[in-house]
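Structure first, then comments.
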Amino acid sequence: MKILIVGPSWVGDMVMAQTLFQCLKQRHPQCEIDVLAPEWSRPILERMPEVRQALSFPLGHGALELATRRRIGKSLAGQYDQAILLPNSLKSALVPFFAGIPKRTGWRGEFRYGLLNDVRTLDKERYPLMIERFMALAYEPGLDLPKPYPRPSLQIDPVTREAALAKFGLSLDRPVLALCPGAEFGESKRWPSEHYAQVAEAKIREGWQVWLFGSKNDHAVGEDIRARLIPGLREESVNLSGGTSLAEAIDLMSCADSVVSNDSGLMHVAAALNRPLVAVYGSTSPGFTPPLAEHVEIVRLGIECSPCFDRTCRFGHYNCLRQLMPQAVNEALQRLQGTVVEVK
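With the sequence shown counted from 1, adding 48 to any position gets you this note's numbering.
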């Protein structure tokens, strides 16, 4: 059985999609799973043993380009028994339709009747978690999902990890605290730099080193955090934001002894690497996309106006994050300390 997955467009969602791949392998151990997704997701998919190959999808998020989708679909004709679509958009259904894949499975959305022939109606109360909505597509409608739920688990190649350490001149002679202060979603997910800096200072004074992770957009935030450290402590931190590829970031984060992250794609990467993780929530909720790992501490205030799921604070105060003091995160790190987790 050959299955084509049309993958999601966000890092965290792609990590969580592994739960679907795991369910498919449990049901059909000999099935072959290919994932059609943006090229940036290749380093994630290559670290999932359930995936046979990642197929690069050349179009940006939201682009229709019907002729290109038809061309891609025709190139995949005759290769798959089933397609499973994780996005709910009409556009995402076009390639499997043009490919003529016999069974095309997905949730009802954006008038996809005809493009899909295995259309599911989502019961959000039955499936409150995103992973449940992914996993349910591996089973016949109405079936209960088997428990315990699988967890994403990214596999690391020691050779590429050592190469990344050497490239950036990093050493594992001291414990590593990884900080992920960015969030592509918006400001309402970003814990303030001054709070991150206080957490970094506390761990450096304990003899740790601090590595900052993120995209190019997060580089300035990383520099702001480092600038708040006094000379002598600042040198024990390194800002990797924007300097690494996603593949290198994954490999380097697998070395972390603890991670502090906003609700972001890198939070889900850290969880899938089974790193001891403190997840900081502001405008969003762990009730939909929690980090899926054993050693996790979730820190949030839960003030009256949160979760609002807005990209920017409608009141302009961001109190759900600003009033969440570093002490809460430091205490969560202490609870995780002593957790020895093998790097896979």
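In this text, a Cβ means the ideal position worked out from N, Cα and C, and glycines have one as well.
>> For Leu68 and Gln246, I'd like the C-alpha separation in whole angstroms.
In response: Roughly 39 Å between the two C-alpha positions.
> Of the choices Thr332, Trp256, Glu345, Arg95, whose alpha-carbon is the least far from that of Ala226?
Replying inline: Of the candidates Thr332, Trp256, Glu345, Arg95, the one whose C-alpha sits nearest the C-alpha of Ala226 is Trp256.
> Which full runs of the alpha helix (DSSP H) of 4+ residues lie inside the stretch 123–181, going along the chain?
Replying inline: Listed in chain order, they are 142–147.
> With which residues is Glu80 paired in a DSSP beta bridge?
Replying inline: According to DSSP, Glu80 bridges with Lys50.
>> So within the stretch 317–379, which uninterrupted beta strand (DSSP E) runs reach at least 3 residues, ignoring any that extend past its ends?
In response: With a minimum length of 3 residues, the continuous beta strand (DSSP E) runs that stay inside the stretch 317–379 are 325–328, 344–347.
>> For a test of the three-state rule: what should DSSP assign to Cys303, helix, strand or coil?
In response: If DSSP states are grouped into helix, strand and coil, Cys303 belongs with coil.
>> Taking the beta strand (DSSP E) that Leu225 belongs to, which residues open and close that run?
In response: Leu225 -> beta strand (DSSP E) spans 224–228.
> Where does Gln257 sit, in a helix, a strand or coil, going by DSSP?
Replying inline: Note: Gln257 maps to strand in three-state DSSP.
> Is the distance from the Cβ of Leu396 to the Cβ of Met96 below 8 Å?
Replying inline: An answer regarding residue 396 cannot be provided, because it is not within the stretch 49 to 392 covered by the chain.
> What are the start and end residues of the beta strand (DSSP E) that includes Gln70?
Replying inline: Secondary structure note for Gln70: it is in no beta strand (DSSP E), and the uninterrupted alpha helix (DSSP H) holding it is 66–75.
> If we call anything under 8 Å between Cβ atoms a contact, is Arg276 one with Glu242?
Replying inline: Less than 8 Å separates the beta-carbon of Arg276 from that of Glu242.
>> If the criterion is Cβ atoms closer than 8 Å, does the pair Leu479 and Gly55 meet it?
In response: There is simply no residue 479 to check, as the chain begins at 49 and stops at 392 in what is shown.
>> Please report the distance separating the alpha-carbon of Asp130 from that of Pro240.
In response: In the sequence as displayed, the identity of residue 130 is Gln instead of Asp. Those two C-alpha atoms are separated by around 45 Å.
> Taking Cβ positions, are Ala320 and Pro200 nearer each other than 8 Å?
Replying inline: Yes, Cβ-Cβ distance for Ala320 and Pro200 is below 8 Å.
>> Can you tell me where the beta strand (DSSP E) holding Arg100 begins and where it ends?
In response: Counting along the chain, the beta strand (DSSP E) containing Arg100 begins and ends at 99–105.
>> Am I right that Phe262 and Thr360 are in contact with their C-beta atoms under 8 Å? What's the rounded C-beta distance?
In response: The displayed chain sequence assigns Gly, not Phe, to residue 262. That belief does not hold up - the Cβ atoms of Gly262 and Thr360 are roughly 19 Å apart, past 8 Å.
> Would a C-beta distance cut-off of 8 Å place Ala297 and Met315 closer than the cut-off?
Replying inline: No, they are not a contact pair.
> So Leu281 packs on Glu249, CB below 8 Å; how close in whole Å?
Replying inline: Their Cβ separation, rounded to whole angstroms, is 6 Å, which keeps Leu281 and Glu249 in contact under 8 Å.
>> Could you check whether Thr153 and Leu112 sit closer than 8 Å to each other, using their CB atoms as the reference points?
In response: The beta carbons of Leu112 and Thr153 sit no closer together than 8 Å.
>> Can you confirm whether the stretch 84–103 touches the stretch 164–177 when touching is taken to mean that 3 or more C-beta pairs between the two stretches lie within less than 8 Å?
In response: No, because fewer than three Cβ pairs between the stretch 164–177 and the stretch 84–103 fall closer than 8 Å, the two stretches do not touch.
> By the 10 Å Cβ neighbour count, where 16 or more other Cβ atoms means buried, how is Arg353 classified, buried or exposed?
Replying inline: According to the sequence displayed, residue 353 carries Cys and not Arg. Taking every protein chain shown into account, the CB of Cys353 has fewer than 16 other CB atoms within 10 angstroms, so this residue is exposed.
>> Out of Glu232, Met301, Asp61, which one is the CA nearest neighbour of Phe216?
In response: Its Cα nearest to that of Phe216, the residue Met301 stands out among Glu232, Met301, Asp61.
> With a Cβ-Cβ cutoff of 8 Å, do Ala125 and Gly148 count as a contact?
Replying inline: Yes, they are a contact pair.
> Leaving out five residues before and five after Ile81 in sequence, what residues of the same chain have Cβ atoms less than 7 Å from its Cβ?
Replying inline: Short of 7 Å from the beta carbon of Ile81, and not among the five residues preceding or following it, lie these beta carbons of its own chain, in chain order: Ile51, Ile53, Phe69, Leu72, Glu98, Val99, Arg100.
> Between the Cα of Leu114 and the Cα atoms of Leu349, Phe105, Lys139, which residue gives the shortest distance?
Replying inline: Selected option, being the one with the closest Cα: Lys139.
> Candidates His365, Gly291, Ile132, Arg119: which alpha carbon is nearest Pro150's?
Replying inline: Cα-wise, what sits closest to Pro150 is Ile132.
>> Between Glu113 and chain D, is the shortest Cβ-Cβ distance under 8 Å, so that the two count as touching?
In response: Absent from the structure is chain D; it holds one protein chain and no more.
>> Can you list, in chain order, the residues of its chain with a C-beta nearer than 8 Å to that of Met178? Leave out the 5 residues immediately preceding and following it.
In response: Closer than 8 Å at the Cβ level, and outside the excluded window around Met178, lie Asp61, Met64, Phe336, Thr337.
> Taking all protein chains shown into account, do 16 or more other C-beta atoms lie within 10 angstroms of the C-beta of Gln78, making it buried, or fewer, making it exposed?
Replying inline: Burial check for Gln78: the Cβ neighbour count within 10 Å stays below 16, so the residue is exposed.
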